[in-house]
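Here's the structure, in structure tokens; my notes come after.
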Amino acid sequence: MKLLYSISIFFILTFASNALAQITVYEKFDDFEKAVIKEDENVYVINFWATWCAPCIKELPYFEQLHKENKKVKVILVSLDSRKDLEKKLIPFVERKKITAEVLLLSDKDYNSWLSKIDKDWSGAIPATLLIQGKKHLFAEREFENFTELNDYVNSFINLN
Numbered sequence: 007m008k009l010l011y012s013i014s015i016f017f018i019l020t021f022a023s024n025a026l027a028q029i030t031v032y033e034k035f036d037d038f039e040k041a042v043i044k045e046d047e048n049v050y051v052i053n054f055w056a057t058w059c060a061p062c063i064k065e066l067p068y069f070e071q072l073h074k075e076n077k078k079v080k081v082i083l084v085s086l087d088s089r090k091d092l093e094k095k096l097i098p099f100v101e102r103k104k105i106t107a108e109v110l111l112l113s114d115k116d117y118n119s120w121l122s123k124i125d126k127d128w129s130g131a132i133p134a135t136l137l138i139q140g141k142k143h144l145f146a147e148r149e150f151e152n153f154t155e156l157n158d159y160v161n162s163f164i165n166l167n
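Residues in the sequence shown are numbered from 7 upward in steps of one, following my numbering.
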């Protein structure tokens with residue numbers, strides 16, 4: 007009986023830990039930039055959002071759908087939530103919404119030092135989306151109203167020469 011109990015606990019812990027959302031945390035923008043802002047042949051759709059931002063939450067399903075349906079792109083969802091909210095808010099939110107796109111937490115609150123590195127005109131408002139392919143960048147400080155609008159926006163970026 008003791009062996010059965012031990013095996014049961016092992017499986018519960020193994021599968022429970024695997025169910026937790028895997029979110030990479032970047033405390034400093036420079037580390038985030040080196041790891042995420044890549045100028046290669048891939049198309050990156052990098053969405054900046056937060057769990058406290060209603061327009062962000064509204065459009066997240068469109069980015070999730072883009073992640074699942076548009077195989078030309080890599081979707082990265084960059085949460086700007088506080089580091090202290092990772093365990094109690096962000097991870098449960100990602101799990102509840104069944105988000106499968108890559109989710110990162112950028113907790114560098116010195117916005118004035120890095121916003122212009124994303125786009126020189128970014129006010130800091132979210133949602134905001136950065137598209138990158140090679141040296142080509144396109145920034146949108148706006149909310150997408152539906153999946154079709156987002157997908158068309160991304161595809162027109164891809165088709166730019």
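Positions of the beta carbon are idealized from the N, C-alpha and C atoms, including for glycine.
Excluding the 5 residues flanking it on each side, serine 88 has no same chain C-beta neighbour closer than 6 Å.
Leaving aside the five residues that flank valine 81 on each side, the residues in its chain whose CB is nearer than 6 Å to its CB run, in chain order, Val51, Phe69, Leu72, His73, Ala107.
When rounded, the separation of the alpha-carbon atoms in serine 129 and alanine 56 is 16 Å. Rounded to whole angstroms, the separation of the alpha carbons of alanine 41 and leucine 66 is 22 Å.
For leucine 166, the number of other beta carbons within 10 angstroms of its own is below 16, and it is reported as exposed. Ranked by Cα distance from serine 162, the options Asp127, Glu33, Val49 are led by Val49. In this structure, glutamate 33 places its C-beta atom within 7 Å of the C-beta atom of serine 113.
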